[in-house]
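S.K.: Below you'll find the structure I mean.
Numbering (my numbering), first residue to last: 31 to 627.
The following block contains the structure:
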């Protein structure tokens with residue numbers, strides 16, 4: 031997800047173009063309103079000249095320069111007396127509208143920026159939820175979290191800074207227009223000098239995009255360090271990794287601080303060096319205005335005031351453009367993340383499924399990477415109300431079969447069918463509603479026990495919850511919880527033991543009332559006697575669903591209708607418990623080893 035080096039002009043342009051497509055009418059209207067504010071600023075500045083002239087002449091003004099004639103004509107058109115009182119009233123009215131409009135512009139900019147940030151985060155999180163699991167195998171969760179939370183915040187600033195940049199551009203144009211109207215020669219001189227300073231500063235100071243990229247990359251590393259340290263806090267303590275983890279964090283935070291300070295330093299350098307140069311230019315223009323031009327005091331005053339206002343605005347424009355470029359790195363990374371997760375969306379069929387009658391694996395091949403073959407021609411079937419089991423050494427590919435059945439991944443070759451139809455053709459959400467999976471290491475949400483049990487069936491009654499909790503033996507530790515079913519279980523069930531987490535996961539799978547129940551070493555953390563009790567309770571249920579068990583302890587699957595032994599991604603034997611013992615194959619060998627243990 032990280033990108034090294036400077037952004038090309040094309041990347042910058044494409045990123046800004048995509049931002050411009052967000053609510054273009056609203057954004058364009060906001061820019062026009064900013065232009066209107068700039069015109070009001072120029073009008074307010076223009077009032078100074080007639081006010082000075084009228085005040086000096088005791089109200090007897092009939093001629094004057096071109097600026098004066100504009101105001102005289104405007105007042106005559108409106109039928110308003112052209113005197114000092116009405117001029118001041120006019121200035122007050124213009125300033126009232128100007129600052130009211132500025133307030134509206136600032137408010138609308140905040141709405142635009144925060145809604146854009148909200149849209150980015152919403153789209154990013156929705157895309158992450160819809161992305162295939164393989165994407166998360168390649169990208170760490172810390173990278174995804176950084177993209178959704180941090181990068182989108184910086185990206186949201188880009189649209190606000192873009193609009194603000196346009197506002198400042200309008201103000202600069204208005205001030206230049208006023209100055210050019212009064213004296214074109216001095217205005218051209220000011221443009222050449224200030225423009226030259228701008229070009230010089232941008233050539234000397236490190237590009238904001240380069241520094242911004244360092245900020246983004248170092249911030250991502252900070253996020254990775256913090257997440258690794260907090261999520262793995264138990265292993266960090268057990269293996270004495272605190273200093274190593276902290277050292278990585280400290281290095282990352284120092285890089286982030288250095289890059290951020292560099293960005294702020296460059297912004298300050300541009301601002302102050304430009305304003306110093308602009309001040310020197312202003313003093314030069316004051317000298318030129320008094321010595322070499324025939325401007326009246328009022329006209330020269332307006333010109334100098336406009337120049338005095340122009341300098342900080344151009345400085346602000348440089349600063350805004352620099353900040354905008356600094357955030358472009360975040361914007362490009364966010365847009366790249368959105369494009370990536372959109373391209374990695376899970377394939378979703380459009381067929382409905384009411385009930386799974388049978389599931390069939392037909393010559394299924396699968397690998398997580400090009401080099402590693404995990405399943406090699408696996409074929410089997412399981413019908414309604416059947417109980418089949420998969421056994422074998424760790425790494426044989428048993429859990430991968432479960433992942434393919436649950437559509438966590440799609441097969442590379444071969445076909446998985448339900449009711450004779452490839453499962454990829456079914457609506458993926460409907461399919462997963464019909465399949466309940468209990469993983470060896472289930473995730474427990476930071477919520478109450480009841481809400482964790484009912485995640486697959488929110489309409490379940492308390493009676494239903496109690497029934498499945500009794501089958502899964504959750505009721506045996508219920509009294510240990512402070513508030514029973516309303517007890518908060520903590521982040522990933524931190525308040526529960528491994529076996530208790532597995533029992534909660536089993537209860538919620540049973541409550542789901544699916545057509546296929548898959549137990550992926552779902553009771554491996556229970557002691558042998560409790561595991562047998564849970565297994566017996568499940569088998570004694572009146573069930574009309576198929577059950578697939580991935581087992582390490584062979585004693586839990588002896589009653590299966592069929593047992594498949596998996597080795598190196600292939601099914602090497604199958605049959606009932608008795609048949610496999612009689613074949614004296616790998617299953618019999620595994621059983622003998624466990625029986626001795």
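Just so you know, even glycine gets a beta-carbon here, dropped at the ideal spot from N, CA and C.
1. So for residue 478, helix, strand or coil by DSSP?
2. Figure out for me which residue from 415, 536 and 476 has the closest Cα to the Cα of residue 486.
3. Take residue 404 and list the residues in its own chain whose beta-carbon comes closer than 8 Å to its own, dropping the five residues that flank it on each side.
4. By how many angstroms is the C-alpha of residue 531 removed from the C-alpha of residue 503?
5. Among the residues of its own chain, which have a CB less than 8 Å from the CB of residue 564, if the five just before and after it don't count?
6. On the DSSP letters alone, give me the boundaries of the alpha helix (DSSP H) that residue 165 sits inside.
7. Taking C-alpha atoms, which residue in 342, 197, 349 and 96 lies nearest to residue 20?
8. Under 8 Å between the Cβ atoms of residue 498 and residue 541?
9. Would you call the segment 343-357 and the segment 297-306 touching, i.e. three or more CB-CB distances under 8 Å?
10. Helix, strand or coil, according to DSSP, for residue 550 in the structure here?
11. I need the straight-line Cα distance from residue 220 to residue 237, nearest angstrom please.
12. Hey, residue 363 and residue 616: beta-carbon distance below 8 Å or not?
13. Please classify residue 150 as buried or exposed, where buried requires at least 16 neighbouring CB atoms within 10 angstroms.
14. Out of 359, 77 and 447, which has the shortest C-alpha to C-alpha gap to residue 39?
15. Pair every Cβ in the segment 254-263 with every Cβ in the segment 271-285, then say whether three or more of these pairs are closer than 8 Å.
16. If you draw a straight line from the alpha carbon of residue 625 to that of residue 157, how long is it in whole angstroms?
17. Could you give the DSSP three-state label for residue 197: helix, strand or coil?
18. Short of 8 Å in beta carbon distance, which residues of its chain neighbour residue 628, apart from the five on each side in sequence? Order them along the chain.
19. Pull the bridge partners of residue 577 from the DSSP assignment, please.
20. Within the same chain, show all residues whose beta-carbon is closer than 6 Å to that of residue 385, passing over the 5 residues directly before and after it, in chain order.
21. Tell me the residue span of the alpha helix (DSSP H) that contains residue 360.
22. For residue 213 and residue 331, I'd like the C-alpha separation in whole angstroms.
23. Between which two residues does the alpha helix (DSSP H) carrying residue 229 extend?
24. Helix, strand or coil: how does DSSP classify residue 399 here?
25. Please go through the same chain and pick out, in chain order, the residues whose beta-carbon is closer than 8 Å to the beta-carbon of residue 160, but skip the five residues on each side of it.
26. Is it the case that the segment 279-291 contacts the segment 245-254, given that we only count it when at least three CB pairs across the two stretches are under 8 Å?
27. Under three-state DSSP, which class holds residue 591?
28. Assess contact between the segment 77-84 and the segment 43-63, defined as three or more Cβ pairs (one per stretch) separated by less than 8 Å. Is contact present?
29. Do the segment 179-193 and the segment 135-147 meet, that is, are 3 or more Cβ pairs less than 8 Å apart?
30. Consult DSSP for residue 393 and reduce its assignment to one of helix, strand or coil.
31. Rounded to whole angstroms, what's the CA-CA distance from residue 103 to residue 215? Just pull it up for me.
32. Provide the residue span of the beta strand (DSSP E) that contains residue 466, from first to last.
33. Would you check if the distance between the CB atom of residue 419 and the CB atom of residue 289 is smaller than 8 Å?
34. Three or more C-beta pairs closer than 8 Å, one from the segment 461-469 and one from the segment 434-445: is that the case here?
35. Taking all protein chains shown into account, decide if residue 147 is buried (16 or more other Cβ within 10 angstroms of its Cβ) or exposed.
36. Using the three-state DSSP reduction, which class does residue 601 fall into: helix, strand or coil?
M.R.: In short:
1. Here residue 478 refers to the residue found at position 448 of the chain shown. In this structure, residue 478 counts as strand in the three-state DSSP scheme.
2. Your numbering for residue 486 matches position 456 in the chain shown. It is 536.
3. Locating residue 404 in the chain shown gives position 374, where the first residue counts as 1. If we look at residue 404 and ignore the five residues flanking it on each side, its Cβ neighbours are 396, 397, 398, 427, 430 and 599.
4. Position 473 of the chain shown, counted from the start, is the residue given in the question as residue 503. Position 501 of the chain shown, counted from the start, is the residue given in the question as residue 531. In a straight line, the C-alpha of residue 503 is about 11 Å away from that of residue 531.
5. The residue labelled residue 564 in the question sits at position 534 within the chain shown. Closer than 8 Å at Cβ, skipping near neighbours: 501, 502, 503, 533, 536, 553 and 556.
6. Taking the chain shown and counting its residues from 1, the one referred to as residue 165 is at position 135. Residues 163-168.
7. Missing from the structure shown is residue 20; the chain here goes from 31 to 627 and no further.
8. Your numbering for residue 498 matches position 468 in the chain shown. Your numbering for residue 541 matches position 511 in the chain shown. It is a contact, given that the beta carbons lie within the stated cut-off.
9. In short, these stretches touch, since the Cβ pair count reaches three.
10. Taking the chain shown and counting its residues from 1, the one referred to as residue 550 is at position 520. In the three-state reduction of the DSSP assignment, residue 550 falls in the strand class, which pools E and B.
11. Here residue 220 corresponds to residue number 190 of the chain shown, with the count starting at 1. Here residue 237 corresponds to residue number 207 of the chain shown, with the count starting at 1. About 25 Å.
12. Mapped onto the chain shown, residue 363 falls at position 333. Mapped onto the chain shown, residue 616 falls at position 586. No; because the gap between Cβ atoms is not below 8 Å, this pair is not in contact.
13. Position 120 of the chain shown holds residue 150. That one is buried.
14. Taking the chain shown and counting its residues from 1, one reaches residue 39 at position 9. By alpha-carbon distance to residue 39, the top candidate from 359, 77 and 447 is 359.
15. Touching, yes.
16. In the chain shown, residue 625 corresponds to position 595, counting from 1. In the chain shown, residue 157 corresponds to position 127, counting from 1. Their backbone Cα atoms lie some 49 Å apart in a straight line.
17. Against the chain shown, residue 197 aligns to sequence position 167. In the three-state reduction of the DSSP assignment, residue 197 falls in the helix class.
18. No information on residue 628 is available, as it lies outside the stretch 31 to 627 that the chain covers here.
19. For the purposes of this step, residue 577 is taken as residue 547 along the chain shown, with counting starting at 1. 417 and 547, per the DSSP bridge assignment.
20. Locating residue 385 in the chain shown gives position 355, counting from the first residue. For residue 385, where only same-chain residues beyond five positions count, the Cβ hits under 6 Å are 545.
21. Position 330 of the chain shown, counted from the first residue, corresponds to residue 360. Segment 327-373, the alpha helix (DSSP H) holding residue 360.
22. For the purposes of this step, residue 213 is identified with residue 183 of the chain shown, where counting begins at 1. For the purposes of this step, residue 331 is identified with residue 301 of the chain shown, where counting begins at 1. Taking the straight line from one Cα to the other gives about 12 Å.
23. Working through the chain shown from its first residue, we reach residue 229 at position 199. Going by DSSP, residue 229 is part of the alpha helix (DSSP H) stretching over 214-234.
24. Taking the chain shown and counting its residues from 1, one reaches residue 399 at position 369. Residue 399: coil per DSSP, three-state reduction.
25. For the purposes of this step, residue 160 is taken as residue 130 along the chain shown, with counting starting at 1. For residue 160, where only same-chain residues beyond five positions count, the Cβ hits under 8 Å are 371, 375 and 376.
26. Of all C-beta pairs linking the segment 245-254 to the segment 279-291, three or more are shorter than 8 Å, placing the two stretches in contact.
27. Numbered from its first residue, the chain shown carries residue 591 at position 561. Coil at residue 591, not helix or strand.
28. These segments do not touch.
29. Between the segment 179-193 and the segment 135-147, the count of Cβ pairs shorter than 8 Å is three or higher; the stretches touch.
30. Indexing the chain shown from 1 puts residue 393 at position 363. Of the three classes helix, strand and coil, the one that applies to residue 393 here is strand, per DSSP.
31. Position 73 of the chain shown, counting from 1, holds the residue named residue 103. Position 185 of the chain shown, counting from 1, holds the residue named residue 215. Looking at the two C-alpha atoms, the distance is approximately 26 Å.
32. Your numbering for residue 466 matches position 436 in the chain shown. For residue 466, the enclosing beta strand (DSSP E) starts and ends at 465-468.
33. For the purposes of this step, residue 419 is taken as the residue at position 389 of the chain shown. For the purposes of this step, residue 289 is taken as the residue at position 259 of the chain shown. Not closer than 8 Å, so no.
34. Counting Cβ pairs under 8 Å, three or more are found: they touch.
35. The residue given as residue 147 occupies position 117 in the chain shown. Using a 10 angstroms sphere on the CB of residue 147, the tally of other CB atoms reaches 16 or more, which defines it as buried.
36. Locating residue 601 in the chain shown gives position 571, where the first residue counts as 1. In this structure, DSSP gives residue 601 an extended state, which the three-state scheme calls strand.
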